[in-house]
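**Student:**
Residue numbers (our numbering): 26 to 351.
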């Protein structure tokens with residue numbers, strides 16, 4: 026029986042869902058949402074905060090500030106609350122309302138950017154705000170998840186070994202690409218320790234991370250408007266791009282079987298099942314990482330009006346709701 030004194034001490038690291046009965050392909054989904062932050066970002070947040078404390082950058086009286094589309098903001102909110110720091114999360118209008126309310130409930134300030142930068146989009150506008158804030162007051166400490174090596178070291182130390190421990194015969198690992206902390210930590214671990222494992226990065230269409238053209242993206246979590254500084258493509262064997270409509274379809278397929286996951290998970294599973302369908306996967310051991318759960322997306326990807334307004338030309342909303350009813 027685990028007994029903890031601070032929320033970041035708990036994370037269920039060994040829960041997997043066998044997706045073969047749902048999608049017909051051999052795929053195990055590693056669920057990273059069972060902690061008090063509800064996402065994989067708790068690992069990176071904890072590693073970055075502790076490193077900043079050890080170095081003396083973060084000390085009593087400091088105010089944490091970070092740019093986040095949601096999940097890292099929640100993770101830092103929890104850690105800041107447990108350690109007594111103030112925290113300001115800089116996000117944008119794509120951040121789910123439930124996520125913003127959760128951060129505020131934990132005592133954090135949330136600043137929402139409503140106007141994208143003409144060149145670098147919402148992310149660029151968020152980063153400009155953070156830089157200006159830090160320049161105006163030396164109390165602000167920016168951990169900078171986009172360049173902080175501790176973001177990937179957290180997964181090199183925890184997520185990669187946890188997967189290898191449960192699946193010593195792993196053939197292929199599917200990881201979503203956002204800031205690429207999870208991707209690079211796992212990829213570096215397996216290339217160092219189990220180089221035969223194939224690393225497949227899953228990126229949403231419209232993300233520029235791997236050199237593809239920018240386009241509208243409405244699902245928070247994965248994808249970038251600028252190339253991720255942490256990314257080293259030498260550790261990645263293959264990249265798949267997934268349309269947001271396909272990610273939403275996959276989320277609804279999972280929900281029809283009782284598994285409510287977020288848009289990032291839908292993206293990763295959609296890409297993974299498409300890859301497995303193109304390969305002879307009968308004897309493969311494949312794992313995909315689910316970054317979070319789906320409760321925070323009830324007013325977006327699971328809300329028919331939201332889906333209709335944004336994807337009505339490519340998604341049959343009646344089909345989604347009809348399949349749920351069936």
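Every residue gets a Cβ at the ideal spot worked out from N, C-alpha and C, and that includes glycine. The model shown is predicted, which means the values in this text are computed figures rather than measured ones.
Mapping DSSP to helix, strand and coil, what is residue 222?
**Tutor:** Looking at residue 222 - three-state DSSP - the assignment turns out to be coil, as it is neither helix nor strand.
**Student:** Skipping 5 residues on each side, what residues in its chain have a beta carbon closer than 8 angstroms to that of residue 191?
**Tutor:** Within the same chain, residue 191 has close Cβ partners 39 and 41.
**Student:** Could you check the C-alpha separation between residue 325 and residue 218 for me, to the nearest Å?
**Tutor:** Distance between the alpha carbons of residue 325 and residue 218: 40 angstroms.
**Student:** Considering only residues of the same chain and omitting the five flanking positions on each side of residue 47, which have a CB-CB separation below 6 angstroms?
**Tutor:** Closer than 6 angstroms at the Cβ level, and outside the excluded window around residue 47, lie 282.
**Student:** Note down the Cα distance separating residue 297 from residue 180, rounded to an integer number of angstroms.
**Tutor:** Between residue 297 and residue 180, the C-alpha separation is close to 20 angstroms.
**Student:** If you measure from the beta carbon of residue 149 to each beta carbon in chain D, is any gap under 9 angstroms?
**Tutor:** Annotation note: the requested chain D is absent from the structure, which comprises a single protein chain.
**Student:** Taking residue 88 as the reference, give the member of 106, 97, 94 and 72 with the closest Cα.
**Tutor:** Residue 88 has its Cα closest to that of 106, out of 106, 97, 94 and 72.
**Student:** Would you please state the rounded distance, in angstroms, between the beta carbons of residue 288 and residue 272? I believe it to be under 8 angstroms.
**Tutor:** Indeed, because the Cβ distance is near 6 angstroms, the residues count as touching under 8 angstroms.
**Student:** For residue 197, which of 307, 82, 93 and 165 has the nearest alpha-carbon?
**Tutor:** Nearest of 307, 82, 93 and 165 to residue 197, Cα basis: 307.
**Student:** Under 8 angstroms by Cβ, that's how I've got residue 384 and residue 138 pegged, so tell me the actual separation to the nearest angstrom.
**Tutor:** Limits of the chain in this structure are 26 at one end and 351 at the other, which puts residue 384 out of reach.
**Student:** Residue 93 and residue 131 look like a contact to me (Cβ under 8 angstroms); what is the Cβ gap, rounded to whole Å?
**Tutor:** Incorrect: roughly 13 angstroms between the Cβ atoms, too far for contact.
**Student:** Does the Cβ of residue 303 have 16 or more other Cβ atoms within 10 Å, making it buried, or fewer, making it exposed?
**Tutor:** Classification for residue 303: exposed.
**Student:** According to DSSP, simplified to helix, strand and coil, what is residue 12?
**Tutor:** Nothing can be reported for residue 12: it is not among the residues displayed for the chain, which extend from 26 to 351.
**Student:** To the nearest angstrom, how far is the alpha carbon of residue 174 from that of residue 206?
**Tutor:** Approximately 8 angstroms, taken between the alpha carbons.
**Student:** What did DSSP end up calling residue 351 once you bin it into helix, strand or coil?
**Tutor:** Confidence in residue 351 is poor, its pLDDT being 45 and thus under 50, which makes the residue's placement unreliable; the coordinate value appears in the next sentence. Reduced to three states, the DSSP call for residue 351 is coil.
**Student:** Whole angstroms is fine: what's the gap from residue 156's alpha carbon to residue 267's?
**Tutor:** Going from the Cα of residue 156 to the Cα of residue 267 covers about 32 angstroms.
**Student:** Tell me which residues share the same chain as residue 279 and place their Cβ nearer than 6 angstroms to its Cβ, disregarding the 5 neighbours each side in the sequence.
**Tutor:** Excluding residues within five positions, the ones whose Cβ falls inside 6 angstroms are 286.
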